Amino acid sequence: MSNSEQIFLMNCWYVAAWDHELIDGVKLARTILEKPVVIFRGESGRYIALEDRCCHRGAPLSMGRIEGDCIRCMYHGMKYDENGICVEIPGQDRIPKTMKVRRYPVEERNHLVWIWMGDPALADPDLIVDYEPLGDPAWRGLPAYLHYDANWLLIVDNLSDFAHLAFVHTNTLGGSEEYAYETKAIEIDRLDNGFRVERWHKNSDAPPYLKRVIRDKDAKLDRRNIATMLVPGIFLMETMFSPAGSNDHSLEGTRQFRNCQYMTPETRRTTHFFWNYLHNTDIDDPNIAISLRDSLFEGFYEDKAIIEAQQVLLENNPDFRMRSLESDLALSHFRQVLKKKITEESLQVDTPVASMPSKSA
Amino acid sequence: MSNSEQIFLMNCWYVAAWDHELIDGVKLARTILEKPVVIFRGESGRYIALEDRCCHRGAPLSMGRIEGDCIRCMYHGMKYDENGICVEIPGQDRIPKTMKVRRYPVEERNHLVWIWMGDPALADPDLIVDYEPLGDPAWRGLPAYLHYDANWLLIVDNLSDFAHLAFVHTNTLGGSEEYAYETKAIEIDRLDNGFRVERWHKNSDAPPYLKRVIRDKDAKLDRRNIATMLVPGIFLMETMFSPAGSNDHSLEGTRQFRNCQYMTPETRRTTHFFWNYLHNTDIDDPNIAISLRDSLFEGFYEDKAIIEAQQVLLENNPDFRMRSLESDLALSHFRQVLKKKITEESLQVDTPVASMPSKSA
Amino acid sequence: MSNSEQIFLMNCWYVAAWDHELIDGVKLARTILEKPVVIFRGESGRYIALEDRCCHRGAPLSMGRIEGDCIRCMYHGMKYDENGICVEIPGQDRIPKTMKVRRYPVEERNHLVWIWMGDPALADPDLIVDYEPLGDPAWRGLPAYLHYDANWLLIVDNLSDFAHLAFVHTNTLGGSEEYAYETKAIEIDRLDNGFRVERWHKNSDAPPYLKRVIRDKDAKLDRRNIATMLVPGIFLMETMFSPAGSNDHSLEGTRQFRNCQYMTPETRRTTHFFWNYLHNTDIDDPNIAISLRDSLFEGFYEDKAIIEAQQVLLENNPDFRMRSLESDLALSHFRQVLKKKITEESLQVDTPVASMPSKSA
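Right under this line is the structure:
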C-alpha cells in the first residue's frame, strides 16, 4: 500500500461517517485514504478522530475503551487524550513526549461527520461543503452507505455522465434508453473545484422510481437535473419533474428531490460511498423516504456491478487507457481539476503534511 | 499479470469453449492467455470473440446486449460490430476511428469453438487440429469442462506420462500399480509440434472404469494406448482393450475409446480444461456415456488434487527445479518444442502480434 | 516468499508437532520456517521429517504412502527412505544420486516432536529444551494448538509483558486492572539466550480461571509468576498462588501450575502455537485439566484477536516503528538476543546451511 506518487488530495474535507454510525459509544474503525482511523464521540459529546494504531506496539485503539474524551488502548493500557497525546502509561511514571498518535480534525455538519486527513493547521471548517437540505425539516430522507470495491474516481465518472442512466438504469432510475439520445447537457459550468451541469428530458414518462411515489403514473413530465460535482468527491443534485410543457422555470406542480452523494477513498481500490435522496412532498408519510431509499439502492447496485467489474479489468490490465466521448467533458474536466490540485499540493514542500500541531483546547 | 518474458504461444488455435456453452444468447466472459474475451453467437449464428473491455471506460462487454451480430456496452451504450469496430455512440454523431476493441478470430469445428489470440492475419483455419470422432455419429460421448488452479503445462506433463495411471488412478482409470513396472512405451515419436507415444499393458485386469461398462468383468485383456500431444496443449488418445493374447493388430472383440483433452491457459497459473471420452459400442445406451464421463471426472479430480498441490509448492518455492526420469522423455520433448516455438515467435519482430487488421466481411 | 535477508534462526530446535498429531499413520504436512515439511512415524515407530516436495515434479510427499520407514510419492511412485534418499523409481533401474529430498532431524521429548531446520550436522539433541513436567506423572494437562495469522515475535512480545494481563485478560486470566499498576517485575535476568522474570501480585483476588478450579473462591492470595523465555520462541512459566501474607518462599497451601508455550514460525506472517497448562492438585479429576485448557483457550483467543489486528496494521504500514515502554525491557532484550544470533548465523559462511549430510543409520 505504499506508492511514491501522491494519489489522494490531502488538504480537504472528506465525509468520514454519518452521525448515526457513532451513537452509543461506538469506536468506529475506518480506513480513510489508506490510513487507519478510529472515530468516536467523547463523553462530552465531542467528535474525535485519531490514528487507529497505538504508538507502543501498533494495536488498534478501536479495540480500546472510551474514558471521558480519552481512549485507552486495551493491550497494555496506554491512554490518549482527544489530541492523541498519551496521558497515562500504567506502571510507568514518566511519559515520553514522543508517545502520541496522530489526531485528525473532525467536524459534524447536518448529520455528516467530516474529516481532514492532511495538515491539521490548514483544516478550516469553513471549507466544509455543507448541504443544508440534510438538516432542513422541510426535507426528508434516509441516510445510507455502500462499500465499493473500486477506485472512487470510477464512481465520480459514473455520476458525471447522465448517459449511463439510459443503459444501466433503464428499469430503475433512468426510465428509457431514449434519455441517452434525446437529451443533452444544456450547459456545463467548469468550476475551479469541479463542475455544474444541467440536463433536460422533456415530455417523457416518469422513471420507475418516481412512479412508485406519485399518484398520476402516466402523466408526461419534463425532467430537469442540475448536478454539481466538487473535489474531492462530492455530488449534489436537484431533480425536478414538472408537467410536460409547463414553463421551464415554474415550480407549479413540480415534484422536487435533493440528492447528495459522497465518495471517500478507503484505499486506492476501495471506496466509502455515503448518500441521501431527499424529498419534500408528503413528508409525514415515512414510506416515501423508504421507497426512495430502496429505489436508490436498487439503482446503485446496478452501478456497483458494472463499476466493480471495471475495477477488475483495469487492475488486470494496467496498460489499458480509457478513451473519452463528447459526453465525458464534465468528468474529464473534473479529473483535470483534481490532478492539478494534487500536483500543487505535492509541490508545497513548505507545508509538510506530516506536521502535526496539537489542537488548542 | 504483466511479465516481460513471453510465456504463451500466441499464433496458434486454442479451444475457447464447447458450442453448448454459447447457446441461447450467452455472452461468455472468459479470460484466455490473461486477456479478457467475450464470446457469443450473433443473431446470424456466427461465432464472435471480442476483447471484453469497452474502449471507452473499460466496462465488460459481456455485461452488454447482443444486437444482430453486434454487441452494445450497457454502461453508456457504445455498440461494436463483429470486428470490434464501434458503430454507434448514443448522443454523439462522430465516431473516432480509434473507438474499437480487439477482435479475435474464432472457428467452430465439431462442437469445439477455437480462438486465435495472436496476429489475426496469420489465423489460418486449416491449422485447427480438428478431431473427427467428436462429430462422427459412430462415436458417443459427453463434453465436459474443469477449471484448474494450475499452470497448463503441469496438466500436459500429467498426460504425457502414463506412469501416473498406476499410482494416482489405481482404483479408477489405472487399475493396478503393476502398470508402472510392467509396461514401457514401445515407441516415442518426436514430432516437431509434439509427440506420439504407444504403450501396451498385456494380460491385465480391466481397469475399474471399464468394468462399469462391460459384461465380462473378469476377462484378461491386452490394453493399448496410443497418445498424441500437440502444441499448444492438445491431447488425443486411442485406447483399445483386446482379449488377452489376441493378435496385436486385430480389432476382433476389441473395445475401443477415443479421448480428446484440451488445455487452454486462462492465466499463467490457471487453466481451462476441456475433454470428451468417446465410445462406439452400444451407442444407443445413454448410460454408457454417462458412466464414462463420471469415471473420467473421478479420475481427473484425482489429478486435480495433486496438480494443484504441485502448483502451490512450485509457486511458494520458485528456486525449486524439477528433475526428469527416463519416463519423462515425452514431456521433456514437448516442453522443448513449445519453448522453441515461443522463442521463435518472440523474435519475429517483423510480424508484430499487436497488429489488428480487420476481418473482411 | 523469498527474501535476501535471513529472518529466522535456523540452527536450533523448533517444536514441529505434538506426538498425538502423528498417531495412526498420519502424514502431517506442515510448513515450518516457510519450508514444506512432511512429518510421520515410520512403521518402526521412528519419527521422520522430510522436505514435502518430491524431487521429480514437486508433488507433495504428504499425499503419498508410508512403506516401512520409507514414503512413496503417489504421483509417479518414487520411494524415499528416512534420509530422503530415493530408493525406487518404478520402471527405471538406475537411480541418479541427485534423486533425493532434504531430511530434517527430528526428536521426540515428553510428547513434543522437535525439528531442526538448519544444518543437520549441527543438530545436537542435547540442545533441546526439554520440559520435564510434560512427562511427569505428578502433573496433568491437555496439550493444545492454535494457528496465528501473525508473526511469531508478536506472540513472544505478548508473553514477555505481564502488563497485558491487566487489560486484555481482565475477566479471564488476569483478574483486575490493578495488576498493571501495583505489580512490578522484581527482577529481570538477562540470559544470553533469552530472559527470566519474576513478578508478584500480593493480596489479590483469585483470577477468574483459578476460581473455576478452587473451592475457597474469595480468599486473598499472593500470586507469583516466574517466567522464562528462550530462543527461538519457548516460554516456560511457574505460577504459584499462596494464601495472602504467607512467607514468600513457603509452598504451604500453595496452588501451583506449570505452563509451557512454543511459537514456531510457519511463515514470516503466520505461526504455529503449541501449549500445555499443567496442574498438580486433584490430578485424578479430569475436569480440572479440561477447565484449565478451556480457560487458556479463552484467554489466548483474546490475545489472538489483538495480535492479528496488530499484524494487519503493521503489514499495511511498513513505515510504522513500535516504541518501547519501561515494561518492555524483557522483550527488547529478547529481540536483541535473537537478532544477534541470526546475524552471527548468517555470517558463518564456513558452515553452509544448505549442506545436507545423510544421517548414518
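Residue numbers (this note's numbering), protein chains in the order written: chain S, 1 to 361; chain X, 362 to 722; chain Y, 723 to 1083.
Ideal placement from N, C-alpha and C gives every residue a C-beta, glycine not left out.
What you are looking at is a predicted structure, and each value in this text was computed from that prediction instead of being measured.
Can you name the residues of chain Y whose CB is closer than 9 angstroms to the CB of residue i?
i, result
"Y770 of chain X", "Since the first residue shown for chain X is 362 and the last is 722, residue 770 of chain X is missing from the structure and cannot be characterised."
"M63 of chain S", "A1027, I1028, A1031"
Specify, as a first and last residue, the run of the beta strand (DSSP E) that residue i falls within.
i, result
"P647 of chain X", "Per DSSP, P647 of chain X belongs to no beta strand (DSSP E); it is in the alpha helix (DSSP H), 647 to 677."
"S332 of chain S", "Segment 329 to 347 is the alpha helix (DSSP H) holding S332 of chain S; no beta strand (DSSP E) there."
"Y797 of chain Y", "No beta strand (DSSP E) holds Y797 of chain Y; DSSP gives it neither H nor E."
"L772 of chain Y", "769 to 773"
"A29 of chain S", "28 to 32"
"S926 of chain Y", "916 to 926"
"K757 of chain Y", "757 to 763"
"F86 of chain S", "First, the amino acid is wrong: residue 86 of chain S is Cys here, not Phe. Run containing C86 of chain S: 86 to 88, per the beta strand (DSSP E) assignment."
"E789 of chain Y", "787 to 789"
Could you tell me whether the Cβ atoms of residue i and residue j are closer together than 8 angstroms?
i, j, result
"S652 of chain X", "V574 of chain X", "yes"
"L639 of chain X", "R418 of chain X", "no"
"M732 of chain Y", "G840 of chain Y", "yes"
"L783 of chain Y", "I1029 of chain Y", "no"
"T267 of chain S", "E107 of chain S", "no"
"E82 of chain S", "R46 of chain S", "yes"
"P1040 of chain Y", "Y736 of chain Y", "no"
"V312 of chain S", "N193 of chain S", "no"
"P143 of chain S", "N280 of chain S", "no"
"H201 of chain S", "Y181 of chain S", "no"
"K217 of chain S", "K211 of chain S", "yes"
"V823 of chain Y", "E773 of chain Y", "yes"
"G42 of chain S", "G68 of chain S", "yes"
"H891 of chain Y", "G975 of chain Y", "no"
How would you write the range of the alpha helix (DSSP H) that residue i sits in, first residue to last?
i, result
"I575 of chain X", "Run containing I575 of chain X: none; DSSP gives neither H nor E here."
"A902 of chain Y", "900 to 904"
Exposed or buried, what is residue i when buried is set at 16 or more other beta-carbons lying within 10 Å of its beta-carbon?
i, result
"A482 of chain X", "exposed"
"D124 of chain S", "exposed"
"K97 of chain S", "exposed"
"N519 of chain X", "buried"
"G786 of chain Y", "buried"
"P397 of chain X", "buried"
"P498 of chain X", "exposed"
"Q310 of chain S", "buried"
"N873 of chain Y", "buried"
"I39 of chain S", "buried"
"T712 of chain X", "Note on T712 of chain X: pLDDT 47, under 50, position unreliable in the model; the coordinate value appears next. Exposed is the call here."
"E131 of chain S", "Residue 131 of chain S is actually Tyr in this sequence, not Glu. That one is buried."
"T894 of chain Y", "buried"
Hey, is residue i's beta-carbon within less than 8 angstroms of any beta-carbon in chain C?
i, result
"R418 of chain X", "You won't find chain C in this structure, because its protein chains are S, X and Y."
Listing by chain order, which chain S residues have their CB less than 8 angstroms from the CB of residue i?
i, result
"M371 of chain X", "Per Cβ cutoff of 8 angstroms: no residues; M371 of chain X is ~16 angstroms from chain S at best."
"R414 of chain X", "L313, N317, F320"
Run down chain X in chain order and give the residues with a C-beta less than 7 angstroms from the C-beta of residue i.
i, result
"M821 of chain Y", "R684"
"D157 of chain S", "R418"
Can you pull the chain X neighbours of residue i, defined as C-beta to C-beta under 8 angstroms?
i, result
"A144 of chain S", "Near A144 of chain S there are no residues of chain X at all, since even the closest Cβ is about 23 angstroms away, more than 8 angstroms."
"P758 of chain Y", "L674, N677, N678"
"H164 of chain S", "Y436, H437"
List, in chain order, every chain S residue whose beta-carbon is nearer than 9 angstroms to that of residue i.
i, result
"E960 of chain Y", "Those do not exist, as E960 of chain Y stays about 22 angstroms from chain S at its closest Cβ, beyond 9 angstroms."
"S1049 of chain Y", "H76, I89, P90, G91, Q92"
Could you tell me which chain Y residues have their CB closer than 8 angstroms to the CB of residue i, listed as they occur along the chain?
i, result
"M74 of chain S", "F889, V890, I1028"
At a CB-CB cut-off below 7 angstroms, which residues of chain Y make contact with residue i?
i, result
"M522 of chain X", "Position check: residue 522 of chain X holds Asp in this sequence, whereas Met was assumed. Residues of chain Y passing the Cβ test: H798."
Anything in chain S within Cβ reach of residue i, meaning under 7 angstroms, just list it in chain order.
i, result
"P421 of chain X", "A309, L313"
Quick one: list the residues of chain X neighbouring residue i, beta-carbon separation under 9 angstroms, in chain order.
i, result
"D149 of chain S", "Residues of chain X passing the Cβ test: none, with the nearest at roughly 15 angstroms."
Tell me whether residue i counts as near the ligand FMN, meaning its Cβ is closer than 7 angstroms to at least one heavy atom of that ligand.
i, result
"Y465 of chain X", "The ligand FMN is absent from the structure shown, which contains no ligands of any kind."
Can you give, in chain order, each stretch of the beta strand (DSSP E) that sits fully within the stretch 229 to 273 of chain S and has at least 3 residues?
If we require 3 residues or more, the beta strand (DSSP E) runs fully inside the stretch 229 to 273 of chain S come out as 234 to 243, 255 to 267.
Which parts of the stretch 100 to 173 of chain S are runs of the alpha helix (DSSP H), unbroken and 4 residues or longer, counting only runs that do not cross its ends?
Qualifying alpha helix (DSSP H) stretches, in chain order: 152 to 160, 163 to 168.
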